[in-house]
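Each remark here refers to the structure printed beneath this line.
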Amino acid sequence: MNMKRIIYIAKASFMIGVCLALTSCEDFLTSAPSNLLSSDGFYQTPSQSEQGIVGVYAGLYDMALLEHLYLSECRSDNAWVTPKTNGFREYSEIGTFRADYSLSTFDDVWNKWYKIIYDANVALAKIPSCDFGTRDDFKNQLLGEAHFLRGWAYFEMVRLFGNIPLIDKPLSPDEVKNIKLSPEREIYDKIIVPDLIEAKTILPINSEMKNASTTSIAGKGRADKIAAQAMLGRVYMTMAGFPLNDSSAQALAETELKAVITFSEGNNNMYWAPDSTEWRKQFLPADAYYNKYPIFSIQYRAGGTGNKAIFYFGPTLPTSYATYNIFGNGIYVEKSLMYEFDKVYTQGDIQLRDARGYDYSILSGFDAEPNFPEYSKSIDKLTLEGGSVVDVQSNAMFYKFMPSKHKINALGMTIDYDKSMSGNQDWPVNHPVLRYEDVLLMYAEILVSKSDVAGAMNIVNRIRQRAGCAPESTNNATEALKFVKRERRIELMGEGVRWFDLVRWNEWKGAIENMFDSYNNPDGIDKANVKEGRYLYPIPMDQVNVKPGLYNQNTGY
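Take the sequence shown: its position 431, counted from the start at 1, is 1396 in my numbering, and no numbers get skipped.
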């Protein structure tokens, strides 16, 4: 038995330095060494308690890459991954549905989410007995953050793996290895929903959040009441869809999503970028924009705690784009998504494309530079829903989070972020987890189901017209829902949302098979791998082997 693998839940190892609490890494509130967190000598003061909570956030470091890029975007029909047959890339195994339970990414994600769960369990066990004096509001804030992070961690684990171990207190390795899998419905009912309800109840709004020194930490990226409500709305929307299909959950989602919308509207349209320029700037590494519009993001800063997902997101770029190079993975914008950005809209005498697309969320190519050849574009055929055939690029690059020099200059900004980077995996670009447009479009889904087509289309067109796209018009609920789903795909591309949308709509299998057909099922692609049950990932091999027979493997593996 590999005892190291038992540590997946029972021990924590913090990645020190994620700049969550304060403005710079120099001012960062250092989190506690992991060997102190479960000892009686820690969590004795408000300051230590906050260090512990910040340490829980630090566990999110790898999630932009492992979950949002690999396990969502690469798994979905947003991305076409090169189906490598003469080499091994984990993203390719995931995107082609060839991956089995031995893939290391599965084990890494399992371990990292359970590390967060363990850290949160320790905080929730120890903070209540710490003396905060008259600062009960601060104690509640920290407890609320712990509940948010634990509830969110369990939500991601259920969406990824289905039935999982339910652990709501610190346990020893021997105790952990005897805990069986709990049904996913039980995980929702016993911990995900209660944790997020508690979080939204006791957390303050962002402007009221403070640190142990009573200094405001508004805008520093930590979860607040609105983040908890938005996450709870997403949870209920997931429960309302496949595989739980709990129809009663939609009304609960409506309450939470409407509360977020009402808060935004009552606070000068907070979270809403008023024009396409502001929308574009929100993804760049500038202090004024790090947390200006997202409801909640994973925080990344240069100097050793940057976002390495950007390094793996696509093909290599020349030096006129970025000082540091990126890996050169074969991950491309899928053809039918690319087609949406090719559409031309006429405004008076001006013809426009979607402002979210070319040179901002996607890059179609680049000219030759010294020691760097011109990007070779691949053009392919795409058959549209009505049967017509169009030409579309099949190797456009994901570009949304790349803070290129071209993009920064085009927006009239001055950002010298690369001077503080420690290497090519140290990009100081946040990864959004919850954005207002996500909330709006989930709410639009609900409006369609209630026959308020006009209300749903108002939301869709508000987002589209900001991007310079022509408004859509329909009185038909089925067509309106298609518009809502399409807008979610366009607006949230690259953010790790699409795969989970396809699953809750129970459209994942058809969408992937259609994509494979669209690319003519090349070598390395076999639709037989898109098996029933593979909307979940397998329980990782190292977890299964901790105690053979304790876990039942997921269907399809």
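Glycine included, C-beta positions come from ideal geometry on N, C-alpha and C.
Proximity of residue i and residue j at Cβ, strictly below 9 Å
i	j	result
LYS1185	LEU1168	no
ALA1267	MET1386	yes
GLY1060	ILE1296	yes
LEU1131	ILE1162	no
ASP1160	GLY1116	yes
ASP1307	VAL1354	no
PRO1011	GLY1109	no
GLU1121	LEU1209	no
VAL1404	ASN1043	no
TYR1083	PRO1048	no
ARG1199	LEU1399	yes
VAL1021	ILE1081	yes
MET1174	GLN1247	no
LEU1302	ARG1469	no
SER1181	THR1348	no
ALA1361	LEU1034	no
ARG1310	ARG1245	Residue 1310 is actually Tyr in this sequence, not Arg. It is not a contact, given that the beta carbons lie outside the stated cut-off.
LYS1492	ASN1486	yes
VAL1425	ALA1442	no
Any non-hydrogen atom of the ligand ATP within 8 Å of residue i CB
i	result
LYS1223	Among the components modelled here there is no ligand, and therefore nothing to report on the ligand ATP.
Buried versus exposed call for residue i [16 or more other C-beta atoms within 10 Å across all chains shown]
i	result
VAL1449	buried
SER1212	exposed
ASP958	An answer regarding residue 958 cannot be provided, because it is not within the stretch 966 to 1522 covered by the chain.
GLY1017	buried
GLU1452	buried
THR1284	exposed
ASN1395	buried
LYS1496	exposed
GLY1388	exposed
LYS1384	exposed
ASN1051	exposed
MET968	Confidence at MET968 is low in this model, with a pLDDT of 36, below 50, so the placement of that residue should be treated as unreliable; the coordinate-derived value is given next. MET968 is exposed by the Cβ-count criterion.
GLY1006	exposed
PRO1280	buried
PRO1503	buried
SER1069	exposed
Whole-number beta carbon distance between residue j and residue i, since they are thought to touch under 8 Å
i	j	result
ILE1411	ALA1218	7 Å
LEU1146	ASN1128	4 Å
ALA1195	ILE1263	Rounded, the Cβ-Cβ distance is 15 Å, inconsistent with contact.
MET1407	MET1204	At roughly 13 Å, the Cβ-Cβ gap does not stay under 8 Å, so MET1407 and MET1204 are not in contact.
ASP1332	GLU1339	6 Å
GLN1390	GLY1293	In fact, because the Cβ distance is near 13 Å, the residues do not count as touching under 8 Å.
MET1378	LEU1282	Between LEU1282 and MET1378 the Cβ distance is about 19 Å, and since that is not below 8 Å, they are no contact.
ILE1428	GLU1402	6 Å
LEU1501	LEU1125	7 Å
PRO1513	ASP1072	About 16 Å separates the two Cβ atoms, so there is no contact after all.
ALA1177	GLU1015	5 Å
LYS1342	TYR1286	Actually they do not touch by this definition, with Cβ atoms about 16 Å apart.
TYR1119	ILE1156	5 Å
Inter-residue Cα distance where the pair is residue i and residue j
i	j	result
GLU1221	ARG1463	21 Å
VAL917	ASP1027	Outside the shown range of the chain, which is 966 to 1522, sits residue 917, and nothing can be said about it.
GLY1322	ASP1102	44 Å
ARG1431	TYR1364	20 Å
THR1439	ILE1490	38 Å
TYR1023	ALA1192	According to the sequence shown, residue 1023 is Ala rather than Tyr. Those two C-alpha atoms are separated by around 18 Å.
GLU1055	GLU1032	12 Å
PHE1276	GLN1312	37 Å
ASN1517	LEU1376	52 Å
TRP1392	SER1329	22 Å
GLY1351	LYS1077	45 Å
VAL1123	ILE1315	48 Å
MET1458	ALA1421	20 Å
ARG1063	GLU1472	19 Å
ALA1029	ALA1216	30 Å
ILE1257	TYR1236	Reading off the sequence shown, one finds Lys at residue 1257, where the question assumed Ile. Whole-angstrom Cα-Cα distance: 7 Å.
CYS1434	ASN1336	38 Å
VAL1413	ALA1253	36 Å
LYS1223	ASN1143	42 Å
PHE1228	GLY1206	26 Å
SER1137	LYS1104	26 Å
TYR1066	ASP1488	22 Å
Short CB-CB distance (under 9 Å) between residue i and chain E
i	result
GLY1322	Considering every chain present, this structure includes no chain E. It has just one protein chain.
Every unbroken alpha helix (DSSP H) within the segment 1305 to 1378, with a cutoff of 4 residues, ordered by chain: Within the segment 1305 to 1378, the complete alpha helix (DSSP H) runs of at least 4 residues are 1370 to 1375.
field: Completely contained alpha helix (DSSP H) runs for the segment 1156 to 1193, where each covers 4 or more residues
entry: DSSP runs (the alpha helix (DSSP H)) wholly in the segment 1156 to 1193: 1158 to 1167.
Inside the segment 993 to 1064 only - alpha helix (DSSP H) runs reaching at least 4 residues
The segment 993 to 1064 contains these whole alpha helix (DSSP H) runs: 999 to 1002, 1011 to 1023, 1055 to 1060.
* Whole alpha helix (DSSP H) elements within the segment 1219 to 1253, 4-residue minimum -> Every alpha helix (DSSP H) stretch that sits fully inside the segment 1219 to 1253 and reaches 4 residues is listed by chain position as 1241 to 1246.
Requested in this report: For the segment 1401 to 1435, list the alpha helix (DSSP H) runs that are entirely contained and at least 4 residues long, ordered along the chain.
Outcome: Counting only runs that start and end inside the segment 1401 to 1435, the alpha helix (DSSP H) elements of at least 4 residues fall at 1401 to 1414, 1418 to 1431.
(Q) My parser needs the alpha helix (DSSP H) runs of 4 or more residues fully inside the segment 1067 to 1155; what are they? (A) Runs found: 1069 to 1091, 1101 to 1126, 1138 to 1141, 1149 to 1152.
Exercise. Within the segment 1252 to 1298, note down every full beta strand (DSSP E) run reaching 3 residues or more, in order along the chain.
Key: List check, beta strand (DSSP E) in window: 1261 to 1263, 1296 to 1298.
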